[in-house]
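Chemist:
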Amino acid sequence: PVGATPQVHTLYYNNRSYSLSTKLSTWVEASAACKAEGGYLAMVTDMNEAIALTHVHPRYHDVWIGGHVREHSWAWEHTGEALSSTPTNKTKFPPWITSPQRASFNCLSLRNHASSPKFVESRCAKRMGFACEE
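Going by full-length UniProt numbering, the first residue of the sequence shown is number 1, and it counts up by one from there.
1) Between the stretch 16-36 and the stretch 89-96, do at least 3 Cβ pairs fall closer than 8 Å?
2) Alpha carbons only, please: which of Met47, Lys118 and Asn14 is nearest the one belonging to Asp62?
3) Asn112: buried (16+ other C-beta within 10 angstroms of its C-beta) or exposed?
4) Terminal residues of the continuous beta strand (DSSP E) containing Leu108?
5) Counting only the same chain and skipping the five closest in sequence on each side, list residues whose C-beta sits under 7 Å from that of Ile97.
6) Tell me which residue opens and which closes the alpha helix (DSSP H) that Val28 is part of.
7) Secondary structure at Thr54, three-state DSSP: helix, strand or coil?
8) In terms of residue numbering, what span does the beta strand (DSSP E) encompassing Cys132 cover?
9) With a Cβ-Cβ cutoff of 8 Å, do Cys107 and His68 count as a contact?
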């Protein structure tokens, strides 16, 4: 609901800790909030991790994660590591909802789409919750 106090949920997965916040933020604000807490926007590196994050709480339909366009290609903000724009045939990862190509959609969100995690290219100024990794 509008005006509701933002909530934070914690997830421990594969020896890592994640904090998911319902605070509606732009990608830049979300990144700064994660850094202020000693973390960074989550790097979702396999399908099981994506599934775990999308099943934390039903209020997290779309959350910012740490991917963004850097010099015309997708990369993880925290490490600068390249992020493939095409899923592998074997693992179906990364799980892009559509092939990323929209010029002004330069930030990455994770969507719980029909109970399946999807990477969605989004406008960085859009406001949504976010997932930090520590």
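Beta carbons are placed, not taken as given, at the ideal position from N, Cα and C, and that holds for glycine.
Modeler: Well, looking at it:
1) no
2) As a position in the sequence shown, residue 62 is number 62, starting the count at 1. Here the closest residue by C-alpha is Lys118.
3) Here the question's residue 112 lines up with position 112 in the sequence shown. Answer is buried; the Cβ neighbour count reaches 16.
4) Stepping through the sequence shown from its first residue, residue 108 is reached at position 108. From DSSP, the beta strand (DSSP E) with Leu108 extends over Cys107 to His113.
5) Counting from one through the sequence shown, the residue named residue 97 turns up at place 97. Around Ile97: Arg111, His113, Lys118, Phe119 and Val120.
6) Translated into positions along the sequence shown, residue 28 becomes position 28. From DSSP, the alpha helix (DSSP H) with Val28 extends over Trp27 to Ala36.
7) Working through the sequence shown from its first residue, we reach residue 54 at position 54. In the structure shown, Thr54 sits in a helix (DSSP, three-state: H, G or I).
8) Locating residue 132 in the sequence shown gives position 132, where the first residue counts as 1. First-last of the beta strand (DSSP E) with Cys132: Met128 to Glu133.
9) One-based indexing of the sequence shown puts residue 107 at position 107. One-based indexing of the sequence shown puts residue 68 at position 68. Yes, these two residues count as a Cβ contact at 8 Å.
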